[in-house]
Amino acid sequence: MNEKDKNELVGQYNAIRQSLEPQIKKRSIGLSEKDRYRLVSIAAAREFRARQTSLKDTVTILWNRRYFNEQLAKVISRKTRSKGIKDVQESIGLGSGDVRGFKRYNDTYGHDGGDDILRAVGTTLNNGGGLRSTDIAARMGGDEFNILLYDVEPHITGDYHLNPKAGLAIAALRLVESMHTQHIKLKDQSDGKVVDESYHFDLGVTLIQDTDTQEKAMKRADRASYEAKNRLSPDAIQIVIASEVDGVDIFEVASFRLSSPVEKTQTGLNHIVTFEPTENYPPRIISERA
167 MNEKDKNELV GQYNAIRQSL EPQIKKRSIG LSEKDRYRLV SIAAAREFRA
217 RQTSLKDTVT ILWNRRYFNE QLAKVISRKT RSKGIKDVQE SIGLGSGDVR
267 GFKRYNDTYG HDGGDDILRA VGTTLNNGGG LRSTDIAARM GGDEFNILLY
317 DVEPHITGDY HLNPKAGLAI AALRLVESMH TQHIKLKDQS DGKVVDESYH
367 FDLGVTLIQD TDTQEKAMKR ADRASYEAKN RLSPDAIQIV IASEVDGVDI
417 FEVASFRLSS PVEKTQTGLN HIVTFEPTEN YPPRIISERA
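In case it helps, the working numbering puts the sequence shown at residues 167 to 456.
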């Protein structure tokens, strides 16, 4: 969550306080100002928590679809207003991802097992996994997740300052890498045996453009996620990044490759990020104009 959104939450809380003060004042005649202030604070905090809870997913404790869509709408509005103004342009990434073969977890381990997988994703997204405190992650429903990555330019690899596209790719790759190494103990429904399971998160990302609508940006990110699900190996640390060039969506694979010890990402691993349309992943261009 960025500073502007934090200030907005403070504003919401203060608005709740102001709306409650007249009601509590009528019902607390005879109380001191200090006690009345305390009652208003308690009531406002309860109301504020209730409103925030309505924006949270109960399984993963991530933000829900409603909140994410509200935040994405704000981003699109800001990008539109700052169109063509270089000094106020902000590089913001949008990600769409899901758990590969999620149905298998539900079928084998029951819905509790499926929820354990979703919680593992939520824990990673809540606790960083390459995301920063300014970023937003949400469960949109089922095993589908979206992320907003604010200000993706300042990702540093060694002495090299990355451009927004590479910065977005590194943040997304770190996220996939952190999930790639996780193992979760689940109980098989058929025989009751506890199994050490892993999962793969298919992630597609795109940079939000100042010409984007909310629908257009989401569509591009969803297509990138679809490409990741259908073309990438579950054993690789790879993501798909979508770019729009002259109204045409172009998809590339971004992957971690072993590098010299001099070139390191902030993960501390000897990695560099590469973009590759290769023989194993031919460039795919969807020729569809908005």
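No residue lacks a Cβ here, since even glycine has one placed at the ideal position from N, Cα and C.
Report yes if the C-beta distance between Leu339 and Ile405 is below 7 Å; otherwise report no. Contact: yes.
With DSSP as the reference, label Gly246 as helix, strand or coil. Note that residue 246 is Thr in the sequence shown here, rather than Gly. Here Thr246 sits in helix by DSSP.
Report buried or exposed for Gln184, applying the criterion of at least 16 other Cβ atoms within 10 angstroms of its Cβ. The residue is exposed, with fewer than 16 neighbouring Cβ atoms inside 10 Å.
Take the Cβ of Val342 as the centre, count every other Cβ of all protein chains shown within 10 Å, and call the residue buried at 16 or more, exposed below. With a threshold of 16 other beta carbon atoms within 10 Å, Val342 meets it and is buried.
DSSP beta-bridge partners for Asn312? Asn312 pairs with Ser262, Ala304.
As a quick exercise: from Phe214, Ala390, Leu228, pick the residue whose alpha carbon is nearest that of Ile182. With distances taken between Cα atoms, Ile182 lies closest to Phe214.
Residue(s) in a DSSP beta bridge with Gly370: Paired residue(s): Ser262, Val406.
Spatial distance of Gly280 from Asp309 (CA atoms): Those two C-alpha atoms are separated by around 9 Å.
Neighbour-count burial assignment, His349, 16 or more Cβ in a 10 Å radius: That one is exposed.
Buried versus exposed, by CB contacts within 10 Å (16 or more), Ser356: Its Cβ having fewer than 16 others within 10 Å, Ser356 is exposed.
Can you tell me whether Ala402 is buried or exposed? The criterion is at least 16 other CB atoms within 10 Å of its CB, across all chains shown. Label assigned to Ala402: exposed.
In the DSSP output, which residue or residues are listed as bridge partners for Glu360? One point to set straight first is that residue 360 is Val, not Glu, in the sequence displayed. Val360 is bridged to Lys353.
Straight-line CA distance for Glu393 to Asn235? In this structure, the straight-line span from the alpha carbon of Glu393 to that of Asn235 is close to 23 Å.
Just the C-alpha distance for Ala408 and Glu256, rounded to the nearest angstrom, thanks. Counting only the Cα atoms, Glu256 lies some 18 Å from Ala408.
Could you name the residues of the same chain whose beta carbon sits closer than 8 Å to that of Glu199, not counting the 5 residues immediately before and after it, in chain order? Within the same chain, no Cβ atom closer than 8 Å to the Cβ of Glu199 is found once the five residues on either side in sequence are excluded.
Three-way DSSP call (helix, strand, coil) for Glu256 in this model: Coil.
Determine which residues share a DSSP beta bridge with Lys222 and list them. Assignment of beta-bridge partners to Lys222 by DSSP yields Trp229.
Return yes when the Cβ of Gly370 is within less than 7 Å of the Cβ of Ala383, no when it is not. Judged by their CB atoms, Ala383 and Gly370 are not nearer to each other than the 7 Å cut-off.
Exposed or buried, Gln237, counting other C-beta atoms within 10 Å across all chains shown (16 or more means buried)? The residue in question, Gln237, is buried, as its Cβ has 16 or more Cβ neighbours within 10 Å.
Can you have a look at Asn312 and say buried or exposed, based on whether 16 or more other CB atoms are within 10 angstroms of its CB? Classification for Asn312: buried.
Segment contact flag, the segment 358 to 369 with the segment 258 to 267, C-beta cutoff 8 Å, min 3 pairs: Contact holds: three or more Cβ-Cβ distances are below 8 Å.
Candidates Ala337, Ala420, Ile416: closest to Ser399 by CA position: Comparing Cα-Cα distances from Ser399 to each of Ala337, Ala420, Ile416, the minimum goes to Ala420.
Using the Cα positions of Arg270 and Lys240, report the straight-line distance between them to the nearest angstrom. Our two residues, Arg270 and Lys240, have alpha carbons roughly 37 Å apart in a direct line.
Taking just the CA atoms, how far does Asn292 sit from Ile514? Residue 514 lies beyond the stretch modelled for the chain, which goes from 167 to 456, so this question has no answer here.
Do you know how far the Cα of Gly261 is from the Cα of Thr246? Cα to Cα, Thr246 sits roughly 19 Å from Gly261.
Look at the alpha carbon of Asp412 and the alpha carbon of Arg397, and state the distance between them as a whole number of angstroms. Rounded to whole angstroms, Asp412 to Arg397 spans 25 Å at the Cα level.
Name the DSSP bridge partner or partners of Val411? Looking at the DSSP assignment, Val411 forms a beta bridge with Val414.
Alpha carbon of Arg298 to alpha carbon of Ile336, nearest angstrom: If I take the Cα positions, the gap works out to 13 Å.
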